[in-house]
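In this text, residue positions in the sequence shown follow our numbering: the first is 64, and each later residue adds one. Glycine included, each C-beta is placed from N, C-alpha and C at the ideal position. Every value quoted in this text rests on a predicted model; they were computed, and no experiment measured them. As structure tokens, the structure follows; a few thoughts come after it.
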Amino acid sequence: MSDFKDTLNLPVTAFPMRGNLVQREPEILKHWYEEDLYGEIRKVKKGKKSFILHDGPPYANGNIHIGHAVNKILKDIVIKAKTLSNFDAPYIPGWDCHGLPIELMVEKEIGKPGKKVSAAEFRQKCREYAEQQVEGQKVDFKRLGVLGEWNKPYLTMDFHTEANIIRALGKIANNGHLEKGFKPVHWCTDCASALAEAEVEYENIVSPSIDVMFRAADEVTVLSKFNLTGDYDGKGEISIVIWTTTPWTLPANRAVAVSGDREYVLLQVDGSRPRRLIMASELAKKVMDRVGIDHFHNLGFCKGNALELLRFNHPFYKFDVPVILGEHVTIEAGTGAVHTAPGHGQEDFVVGKKYNLEVANPVDRNGIYLLDTELFAGQHVLQANDHVIQVLKEHGGLLHHHMYEHSYPHCWRHKTPIIFRATPQWFISMEKSELRVKALKEIKNVQWIPEWGQNCIELMMEGRPDWCISRQRTWGVPMALFVHKETAELHPNTINFIEKVALEVEKVGVQAWWDLDATVMLGADADDYEKVLDTLDVWFDSGVTHFAVINQGKEFGDYEADMYLEGADQHRGWFQSSLITSVSIKNKAPYKQVLTHGFTVDGHGRKMSKSIGNVVSPQEIMNKLGGDILRLWVASTDYTGEMTVSDEILNRSADVYRRIRNTARFLLANLNGFHPETDMVSAENMMVIDRWAVGKALEVQQEVLKAFEECNFRQVAQRLMQFCSVEMGSFYLDIIKDRQYTAKAGSNAHRSCQTALFHIMEALVRWMAPIMSFTADDIWNEMPLFQSDKTVRSKFVFTEVWYDGLFYLNDTEPLNNAFWSELLRVRGVVNKVLEQARRDKKIGSSLEAEVTLYMKPSFAAKLQSMDNELRFALLTSKADVIAINTVADVTQSTTTDGLSIVVTKSDANKCGRCWHHVSDVGTIEGYEALCGRCLNNIIGEGETRKFV
């Protein structure tokens, strides 16, 4: 072959076989930002139909992890695909910048505010710390290949955004959704602050499980409520029994709740110390077994309704409490009688409000019993359980005690158990102005991807309590309100004051509120009103960005967000806080689509954990394999469930990447010397197989675009791989090598093939761009230019639209799509037979073989119509087709899948140029090493092909 090398159309490209992504990608990034790629996209797409994906802001603290990478890559794929669909799809990344984690980090450096530094100095240090964190995370996000307005992201601590957060609060208050109340809230004693629902996670702990007796204040009245059997009313003290795993809450007990419709029993417990106990009939046997009482019997029964308002003595304090009816009382566990402390539980608070019970809270912000708490003053509540149990024993109130493992709420930051604690707080009421009803209605107007997301958020919205939005922190957006000193009512001019404060905050940030002289703003009312010094929950900050950022940003015009895309935990977080605030402000949902992705786990299905040592960092992946491998893994994984990542899985993604890259390289290399404006062959003059390949690409493009539209990126990645491996690599590209390399340069046979490759490459590079962005950019720069007008090809593939130059093979043609599908099958069968012949040492390469196919006449006729070109499709030196009705009658053949195939080794000489064994090799004077076809391609007009 070396003697004829200069006569061949050998592949040439600067696009390397090895991606060398770790070194190459930073160079590409540098070029993107030097050329202002994102700005170029915005210019090209200006005025197109808008698509807005609103970025849920990550917290500005610490390095990004694999979950961050998944989230940002998915968003980038959506944005780039929408851009190729000719949408104007800006991406403004955001960061959540206020709140406790930043305070804690700054406290480590400079101490608590009000001690070594002033509150104002502390806020400034928090701002500086957040800025540093944003810059650090930004570098990694950009390295992922994520395009966006990185020079002008939105930060919740931007003065303008802080001002708009305050304006959002004013609108919510003006619409009647804000109220102040003394209610129990999730409280972290380490944070010394209330927690939002989304800041609570559940872990198992072991707690004391106790059964406690509340003695009847008037036994005669209690007995009168039970339908006693006979005249015997038993002996011993009468007590109602409650069960709890939080003994520390008993000092705040103010009632015992029962179910009105359930049956309760009065039990006689025999023994040396007889007593009479009240509990739910259905649980009596379980309670007695738990307590270890064997000898007991029923004295009488009554419905829970009959017990309402009976009085029972507190187990260790000198007051009595009522029996009340509660819908929350169940028989799943316990005794059917529920210890009720309105200051320490949401359900307790609700039922307590109905009965006008005292909302007792003897616990301070640090979890310490107040100094006037009898018996327990100064103790931490989570360390007081043993003492409470001891006091119960001393007062004869403890029926039983054992340790019990159960699920319990924890602070997501400190990973420590939290408490419910009643404090004066500001709430967004879920019931006022029918907020819950409206929110549930809006949920149905949103497309949830996957569909189970709708049910998830509906269940949470139906059962969620009022949202406590106030926090007792230093670094946060202030609740810029004035309240009456005696009535705690908002100032009647609140909405105007909100705007005045917002204007000041726009100038200098949130410090403006704390520096504000109330007398200047309130005038004569200054003596009657005071400033609220609480800050807003950080979930409120991010939750109102639909108003504070989207509705205010010129980048978004007058549009609302089309999509929110976050992890599954955000059904209880950002999706929910955004929905509540948007309905409160605008009476509609802030999004049209919500896409949810799962969490990342290791190869064994375990959560990422430093203690386990299974953390996979995106930085390590990019430094080892490259950003495009990470992006391809994200796209290839089913994001609707847990996303498994491991070295093995990432290496599989790298293998897929290499297959796609090598296909692209083959296409580019064989486009060497091709100039689209002069060398393009019209569809009607192309070889049939070339038209089939272009039509197959169009079929794939329609599948790919549909999958992108449905956010089914796994389908995109799988179809890309299949197209490159099967339709192209295993069939079309394998077949065309002979023609592409040996046909006369510039002939129709040569240019027809290059035209097909050009069309396919134009489409393929665009399919790749949203997922393998770095590689797609590299490919784009190697694509053939239009010499007469080099501006025809954009500088970047990302400013383009999906390729519209593909066309179908006409199904009315004899050799239509159905024919090629059948030929694919036949070729697969022939390949198996040839492989067996190689193993049997009958042939070496497939070009040493001559094959005869025996098949039914219907398809045989079509193959026969290809004449001498069938051999090119089968990669043999000769191929004959014989029509036969019964394929099994053929002797010395291999019969499989309805075909009988006879393979013989060719006796003909091998052409030194095309390597085919042809009878005329050695017969052409002066060109004994060549076949007639190759000679024609070198010095003649070139061979004529119609099909292959």
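Whole-angstrom C-beta distance between residue j and residue i, which should lie under 8 Å
i	j	result
Leu373	Ala320	With a Cβ gap of about 12 Å, Leu373 and Ala320 do not count as contacting.
Asn395	Lys366	A small correction: the amino acid at residue 395 is Glu; Asn does not occupy that position in the sequence shown. Not quite, the Cβ-Cβ distance comes to about 19 Å (not below 8 Å), so this is no contact.
Ile91	Asp841	7 Å
Cys531	Phe490	5 Å
Glu932	Val984	Actually they do not touch by this definition, with Cβ atoms about 19 Å apart.
Ser322	Gly399	7 Å
Ile452	Ile273	6 Å
Leu887	Val757	About 16 Å; that fails the 8 Å criterion.
Ser344	Val332	The pair is not a contact, with the Cβ atoms about 15 Å apart (cut-off 8 Å).
Ile142	Leu116	6 Å
Tyr1015	Ser641	The structure shown does not extend to residue 1015, since the chain is modelled only from 64 to 1011, so the question has no answer here.
Arg724	Gly82	6 Å
Ala826	Gln927	Their Cβ separation, rounded to whole angstroms, is 33 Å, which puts Ala826 and Gln927 out of contact at 8 Å.
Reduced DSSP secondary structure (H/G/I, E/B, other) of residue i
i	result
Arg829	helix
Asn448	helix
Gly157	strand
Ser113	strand
Tyr96	helix
Val944	strand
Asp274	strand
Ala440	coil
Asn972	strand
Ile387	strand
Ile532	coil
Thr537	coil
His822	helix
Leu71	coil
Ile964	strand
Thr663	strand
Val744	coil
Val422	coil
N- and C-terminal bounds of the beta strand (DSSP E) containing residue i
i	result
Cys365	359–366
Leu329	326–332
Leu937	Careful: Leu937 lies outside any beta strand (DSSP E), inside the alpha helix (DSSP H) at 933–937.
Gly630	626–630
Ala780	That residue, Ala780, is in no beta strand (DSSP E); its alpha helix (DSSP H) goes 776–785.
Pro472	461–474
Met918	912–918
Val401	400–403
Thr659	656–660
Phe375	374–376
Val546	545–547
Continuous alpha helix (DSSP H) stretch holding residue i: start and end
i	result
Tyr192	182–206
Trp843	836–843
Met80	Run containing Met80: none; DSSP gives neither H nor E here.
Asp139	129–147
Leu998	995–1002
Asp597	Asp597 -> no alpha helix (DSSP H), and no H or E assigned at all.
Thr486	Segment 482–491 is the beta strand (DSSP E) holding Thr486; no alpha helix (DSSP H) there.
Ile512	Not the alpha helix (DSSP H): Ile512 falls in the beta strand (DSSP E), residues 510–512.
Val984	Counting along the chain, Val984 falls outside any alpha helix (DSSP H), and DSSP gives it neither H nor E.
Val646	637–649
Lys178	Looking at the DSSP string, Lys178 is not in any alpha helix (DSSP H), and its letter there is neither H nor E.
Asn126	No alpha helix (DSSP H) contains Asn126, which DSSP labels as neither H nor E.
* Asked: Can we say the segment 818–830 touches the segment 113–129, given the rule of at least three CB pairs closer than 8 Å?
  -> no
* To do: Taking only runs that begin and end inside the segment 669–726, name each unbroken alpha helix (DSSP H) of 4 or more residues, in chain order.
  => 681–687, 690–699
* Asked: On the three-pair Cβ rule with 8 Å, is the segment 649–668 touching the segment 79–98?
  -> no
* Entirely within the segment 197–269 and at least 3 residues each: give me those beta strand (DSSP E) ranges in chain order. => 241–251
* Asked: Below 8 Å, can you find three or more Cβ-Cβ pairs linking the segment 853–871 to the segment 706–716?
  -> no
* Asked: Within the chosen definition, does the segment 931–948 reach the segment 969–982 through at least 3 CB pairs nearer than 8 Å?
  -> yes
* To do: Ignoring anything shorter than 4 residues or poking outside the segment 280–356, list the alpha helix (DSSP H) runs there in chain order.
  => 282–287, 347–354
* Do the segment 424–433 and the segment 308–320 make contact, defined as three or more Cβ pairs closer than 8 Å? -> yes
* To do: Indicate whether the contact test is met: 3 or more Cβ pairs, each with one atom in the segment 799–810 and one in the segment 993–1008, closer than 8 Å.
  => yes
* To do: Examine the Cβ distances between the segment 234–252 and the segment 472–487 and report whether three or more of them are shorter than 8 Å.
  => yes
* Does the segment 225–234 come close enough to the segment 204–217 to have 3 or more Cβ pairs within less than 8 Å? -> no
* Any chance you could list the beta strand (DSSP E) runs of at least 3 consecutive residues sitting entirely within the segment 580–614, in chain order? => 592–594
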